[in-house]
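Chains as they are written, first to last, in our numbering: chain A, 1 to 309; chain B, 310 to 618. Beta carbons are placed, not taken as given, at the ideal position from N, Cα and C, and that holds for glycine. In this text, all values refer to a predicted model and were calculated from it rather than measured experimentally.
2 protein chains.
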Amino acid sequence: MESDFIAWLRQRVPPHPQLLLGPGDDAAILRLGDRTDCVVTVDLLTEGVDFDLQAVSARRVGRKTLAVSLSDLAAMAARPVGMVVAVALPRRGGRQLAVDLFEGLAEMAERYGVAVAGGDTNSWDGPLVVSVTAIGQTTAVGPLLRSGAKPGDRILVTGTFGGSILGKHLDFEPRVNESLLLADRCRLHAGIDTSDGLSLDLSRIAAESGCGAVIDLDRVPIAPAAHELARQQNDGRTPLDHALSDGEDFELVLAVAPEDAARLVSEQPVAPLQLTDIGEFIVESGLWQITAGGIRQPLQPRGWEHRFD
Amino acid sequence: MESDFIAWLRQRVPPHPQLLLGPGDDAAILRLGDRTDCVVTVDLLTEGVDFDLQAVSARRVGRKTLAVSLSDLAAMAARPVGMVVAVALPRRGGRQLAVDLFEGLAEMAERYGVAVAGGDTNSWDGPLVVSVTAIGQTTAVGPLLRSGAKPGDRILVTGTFGGSILGKHLDFEPRVNESLLLADRCRLHAGIDTSDGLSLDLSRIAAESGCGAVIDLDRVPIAPAAHELARQQNDGRTPLDHALSDGEDFELVLAVAPEDAARLVSEQPVAPLQLTDIGEFIVESGLWQITAGGIRQPLQPRGWEHRFD
Numbered sequence: 001m002e003s004d005f006i007a008w009l010r011q012r013v014p015p016h017p018q019l020l021l022g023p024g025d026d027a028a029i030l031r032l033g034d035r036t037d038c039v040v041t042v043d044l045l046t047e048g049v050d051f052d053l054q055a056v057s058a059r060r061v062g063r064k065t066l067a068v069s070l071s072d073l074a075a076m077a078a079r080p081v082g083m084v085v086a087v088a089l090p091r092r093g094g095r096q097l098a099v100d101l102f103e104g105l106a107e108m109a110e111r112y113g114v115a116v117a118g119g120d121t122n123s124w125d126g127p128l129v130v131s132v133t134a135i136g137q138t139t140a141v142g143p144l145l146r147s148g149a150k151p152g153d154r155i156l157v158t159g160t161f162g163g164s165i166l167g168k169h170l171d172f173e174p175r176v177n178e179s180l181l182l183a184d185r186c187r188l189h190a191g192i193d194t195s196d197g198l199s200l201d202l203s204r205i206a207a208e209s210g211c212g213a214v215i216d217l218d219r220v221p222i223a224p225a226a227h228e229l230a231r232q233q234n235d236g237r238t239p240l241d242h243a244l245s246d247g248e249d250f251e252l253v254l255a256v257a258p259e260d261a262a263r264l265v266s267e268q269p270v271a272p273l274q275l276t277d278i279g280e281f282i283v284e285s286g287l288w289q290i291t292a293g294g295i296r297q298p299l300q301p302r303g304w305e306h307r308f309d
Numbered sequence: 310m311e312s313d314f315i316a317w318l319r320q321r322v323p324p325h326p327q328l329l330l331g332p333g334d335d336a337a338i339l340r341l342g343d344r345t346d347c348v349v350t351v352d353l354l355t356e357g358v359d360f361d362l363q364a365v366s367a368r369r370v371g372r373k374t375l376a377v378s379l380s381d382l383a384a385m386a387a388r389p390v391g392m393v394v395a396v397a398l399p400r401r402g403g404r405q406l407a408v409d410l411f412e413g414l415a416e417m418a419e420r421y422g423v424a425v426a427g428g429d430t431n432s433w434d435g436p437l438v439v440s441v442t443a444i445g446q447t448t449a450v451g452p453l454l455r456s457g458a459k460p461g462d463r464i465l466v467t468g469t470f471g472g473s474i475l476g477k478h479l480d481f482e483p484r485v486n487e488s489l490l491l492a493d494r495c496r497l498h499a500g501i502d503t504s505d506g507l508s509l510d511l512s513r514i515a516a517e518s519g520c521g522a523v524i525d526l527d528r529v530p531i532a533p534a535a536h537e538l539a540r541q542q543n544d545g546r547t548p549l550d551h552a553l554s555d556g557e558d559f560e561l562v563l564a565v566a567p568e569d570a571a572r573l574v575s576e577q578p579v580a581p582l583q584l585t586d587i588g589e590f591i592v593e594s595g596l597w598q599i600t601a602g603g604i605r606q607p608l609q610p611r612g613w614e615h616r617f618d
């Protein structure tokens with residue numbers, strides 16, 4: 001499983017004088033100049049798993065591939081600078097796919113001021129594979145890591161959760177501008193983007209920070225799409241279940257000191273995007289839920305993980 | 310075809326204040342700090358096209374994938390700093406493949422002082438796909454581009470050419486150290502690595518530099534593997550044909566002023582790796598050959614191009 005492999009990898013990767021942050025966060029940080037840090041992240045999307053070209057244009061795939069990487073930079077509070085893309089194109093129809101992919105990438109790049117720096121174009125007899133590497137810079141306030149949450153910090157989230165498969169997983173906006181603005185407004189202690197599922201990604205911040213987290217279930221902002229998906233699937237999973245585990249919301253989960261959290265929630269500086277306080281980081285490790293009744297119980301982190309054996 | 314698409318892409322990519330060098334060279338250059346340039350290149354390898362897991366271990370694939378990207382950095386006379394890797398793993402046996410790939414990558418990374426910074430691990434029902442992004446820094450002498458050759462410059466090459474499919478295409482050494490040493494010793498005007506074929510890659514330097522190139526066929530250093538391959542295939546192609554077009558030699562082709570070229574050939578500063586003068590850049594555009602008889606004729610650039618339509 002992906003998480004086991006990453007745990008193994010982190011043990012195995014040697015230290016390097018220019019590697020400020022290695023595998024295990026949303027992006028890596030390399031020191032290039034005296035005071036210049038390069039934030040780098042790569043994402044690979046495959047036809048059949050991440051998108052279905054029968055249902056979705058290559059343009060939207062291109063848009064999404066870059067947006068996923070920009071969401072990782074947002075989770076680091078890094079300013080995006082440039083990107084490179086590598087593709088494996090089916091031999092037949094590959095040219096038009098490449099053009100459409102590029103148009104989607106370019107649209108997203110322009111929107112966030114990202115330079116389209118280069119790439120590698122391959123063809124083969126397999127399905128479409130796209131890999132985007134995004135490069136950013138840290139700002140004056142430094143990078144936002146997963147590991148800085150402190151017991152007592154509030155859990156702040158942007159936007160709403162669940163049901164992204166109904167459309168948001170393709171057309172989401174990476175929270176690049178929001179992340180930079182919030183990091184400028186107050187000291188963010190830790191952050192992650194919800195690519196795999198709110199509960200799973202929150203449990204990762206807690207684990208990296210050596211603490212636990214308790215979610216007030218009544219406060220989780222549930223997307224209309226989560227209600228719609230629960231209705232469509234009618235399998236006993238509630239809209240809240242979807243919000244906690246669907247993933248690909250690409251929203252931010254942040255650890256913020258209580259006084260800053262109260263101020264941000266009151267001021268709503270990234271409106272119309274909603275900032276919501278959904279709970280607290282605590283000393284006791286693990287993920288917990290609390291309901292209106294006030295009873296605290298363990299909460300199983302759930303979400304998307306790549307499986308291989 | 311790949312080259313048509315890249316030509317289209319270069320027209321289409323908008324300028325960006327931090328993009329010093331965009332698509333069309335061996336790597337891109339992004340300006341990150343006041344004086345800090347990030348050199349970035351991505352390569353994607355697919356099972357069935359670039360390697361055959363029936364014949365080759367995943368470890369050698371990992372080693373090659375990073376080496377291909379390091380060869381691109383060498384072609385820019387950039388010092389490698391770090392890398393990220395994205396993989397699409399078959400679900401069955403993916404874990405062992407991932408471990409073996411990583412071991413090969415790590416071995417190559419350690420050899421060239423490259424930080425293993427992170428990656429993206431995916432699984433699917435398709436064959437193995439590996440994409441490596443390498444990041445480097447320019448040195449005090451600046452980057453080496455394809456576009457700086459001047460008529461009168463000599464064509465210098467490292468090593469020998471042809472027949473790499475017999476083994477070198479997997480186990481080659483990227484000319485990282487040689488490139489940095491040569492760039493430090495004299496002003497290199499232009500450079501490329503021979504990933505696609507000596508004649509094709511040389512024609513690219515010439516085209517980017519707005520000049521032509523003439524190869525003295527008698528001086529092309531032919532690898533023993535080119536002789537072996539010609540013998541095995543017995544299809545009328547000579548060892549020289551293989552040397553000019555096989556590709557995946559991952560040697561350097563450099564444009565150097567005549568006096569510097571004479572000095573480098575005399576001193577052989579990267580011995581035991583041979584430096585050979587194989588011809589001259591000229592005013593007249595196109596690629597040309599000259600033989601012992603002294604007759605100059607057009608030479609068709611040949612090599613590997615990804616095809617899709």
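Backbone CA spacing between residue i and residue j [nearest angstrom]
{"i": "ARG302 of chain A", "j": "THR238 of chain A", "result": "14 Å"}
{"i": "GLY48 of chain A", "j": "ALA397 of chain B", "result": "12 Å"}
{"i": "VAL283 of chain A", "j": "PRO151 of chain A", "result": "5 Å"}
{"i": "GLU416 of chain B", "j": "TRP8 of chain A", "result": "16 Å"}
{"i": "ASP287 of chain A", "j": "ILE215 of chain A", "result": "Just to set this straight, residue 287 of chain A is Leu in the shown sequence, not Asp. Each residue's alpha carbon lies about 8 Å from the other."}
{"i": "LEU299 of chain A", "j": "THR291 of chain A", "result": "11 Å"}
{"i": "GLY197 of chain A", "j": "GLU419 of chain B", "result": "35 Å"}
{"i": "GLN606 of chain B", "j": "ALA337 of chain B", "result": "34 Å"}
{"i": "PRO578 of chain B", "j": "VAL132 of chain A", "result": "38 Å"}
{"i": "ARG401 of chain B", "j": "ALA407 of chain B", "result": "11 Å"}
{"i": "ASP50 of chain A", "j": "GLU576 of chain B", "result": "55 Å"}
{"i": "SER203 of chain A", "j": "ARG31 of chain A", "result": "29 Å"}
{"i": "ILE6 of chain A", "j": "PHE308 of chain A", "result": "13 Å"}
{"i": "ASP313 of chain B", "j": "GLY519 of chain B", "result": "18 Å"}
{"i": "GLY142 of chain A", "j": "ASP346 of chain B", "result": "19 Å"}
{"i": "ASP510 of chain B", "j": "HIS615 of chain B", "result": "14 Å"}
{"i": "SER594 of chain B", "j": "ARG95 of chain A", "result": "29 Å"}
Boundaries of the beta strand (DSSP E) in which residue i is found, first to last residue
{"i": "PRO298 of chain A", "result": "296 to 298"}
{"i": "LEU217 of chain A", "result": "Taken as a continuous stretch (DSSP letters only), LEU217 of chain A belongs to no beta strand (DSSP E), as it is neither H nor E."}
{"i": "LEU145 of chain A", "result": "From DSSP, LEU145 of chain A is part of no beta strand (DSSP E); its letter is neither H nor E."}
{"i": "MET392 of chain B", "result": "388 to 399"}
{"i": "ASP493 of chain B", "result": "Counting along the chain, ASP493 of chain B falls outside any beta strand (DSSP E), though it belongs to the alpha helix (DSSP H) covering 485 to 494."}
{"i": "ASP409 of chain B", "result": "No beta strand (DSSP E) contains ASP409 of chain B, which is instead part of the alpha helix (DSSP H) from 403 to 420."}
Own chain, CB closer than 7 Å to residue i, minus 5 neighbours either side, in chain order
{"i": "GLY472 of chain B", "result": "ALA532, ALA534, ALA535, GLU537, LEU538, HIS551 and ASP555"}
First through last residue of the alpha helix (DSSP H) which encompasses residue i
{"i": "ILE205 of chain A", "result": "198 to 209"}
{"i": "HIS536 of chain B", "result": "533 to 542"}
{"i": "PRO17 of chain A", "result": "Note, PRO17 of chain A: premise wrong, no alpha helix (DSSP H); not H, not E."}
{"i": "PRO548 of chain B", "result": "548 to 554"}
{"i": "GLY236 of chain A", "result": "Looking at the DSSP string, GLY236 of chain A is not in any alpha helix (DSSP H), and its letter there is neither H nor E."}
{"i": "ASP374 of chain B", "result": "Strictly speaking, residue 374 of chain B in this sequence is Thr, with Asp absent from that position. 367 to 384 is the extent of the alpha helix (DSSP H) around THR374 of chain B."}
{"i": "HIS615 of chain B", "result": "Neither: HIS615 of chain B is in no alpha helix (DSSP H) and is coded neither H nor E."}
Beta-carbon contacts of residue i that lie in its chain and below 6 Å, excluding the five residues immediately before and after
{"i": "LYS64 of chain A", "result": "LEU170"}
{"i": "LEU526 of chain B", "result": "GLN598 and THR600"}
{"i": "ASP72 of chain A", "result": "ASP26, ALA27 and THR41"}
{"i": "CYS186 of chain A", "result": "ASP260"}
{"i": "ALA426 of chain B", "result": "GLY391 and VAL393"}
{"i": "LEU353 of chain B", "result": "SER440"}
{"i": "GLY62 of chain A", "result": "LEU101, GLY104 and LEU105"}
Contact set for residue i: own chain, Cβ-Cβ below 8 Å, skip 5 residues either direction
{"i": "LEU454 of chain B", "result": "LEU330, ASP334, MET385, ALA499, GLY500 and GLU517"}
{"i": "PRO221 of chain A", "result": "VAL157, GLY159, THR160, PHE161, ALA243, GLN274, THR276 and ILE278"}
{"i": "VAL114 of chain A", "result": "LEU66, LEU70, PRO80, VAL81, GLY82, MET83, MET108 and ALA134"}
{"i": "ASP462 of chain B", "result": "HIS498, ALA499, ALA564, VAL565, ALA566, PRO567, ALA570, GLU589 and PHE590"}
{"i": "GLN446 of chain B", "result": "THR345, ASP346, CYS347, VAL348, ALA387, ARG388 and VAL390"}
{"i": "GLU487 of chain B", "result": "ALA383, THR467, LEU561, VAL579 and LEU582"}
Beta carbons nearer than 8 Å to chain A: which residues of the segment 426 to 453 of chain B have them? ALA426, GLY427, GLY428, ASP429, THR430, ASN431, SER432, TRP433, ASP434, GLY435, PRO436, VAL438, SER440, THR442, ILE444 and GLN446
Listed in chain order, which residues of the segment 479 to 504 of chain B have Cβ atoms closer than 7 Å to some Cβ of chain A? none
Below 8 Å, how does it come out for the segment 387 to 403 of chain B and the segment 420 to 433 of chain B: are there three or more Cβ pairs, yes or no? yes
Please confirm if the segment 180 to 191 of chain A is in contact with the segment 250 to 262 of chain A, defined as three or more CB-CB distances below 8 Å between the two stretches. yes
At a CB distance below 9 Å, what residues from the segment 339 to 362 of chain B approach chain A? Give them in sequence order. LEU339, ARG340, LEU341, GLY342, ASP343, ARG344, THR345, ASP346, CYS347, VAL349, THR350, VAL351, ASP352, LEU353, LEU354, THR355, GLU356, GLY357, VAL358 and ASP359
Going along the segment 324 to 335 of chain B in order, which residues come within less than 7 Å of chain A, judged by CB to CB distance? HIS325, GLN327, LEU328, GLY331 and PRO332
Can you list, in chain order, the residues of the segment 77 to 91 of chain A whose Cβ is nearer than 8 Å to any Cβ on chain B? VAL81, GLY82, VAL84, VAL85, ALA86, VAL87, ALA88, LEU89, PRO90 and ARG91
Positions along the segment 1 to 12 of chain A whose CB lies within less than 9 Å of some CB in chain B: MET1, GLU2, ASP4, PHE5, ILE6, TRP8, LEU9 and ARG12
Relative to chain A, which residues along the segment 576 to 587 of chain B have a C-beta separation below 9 Å, given in chain order? none
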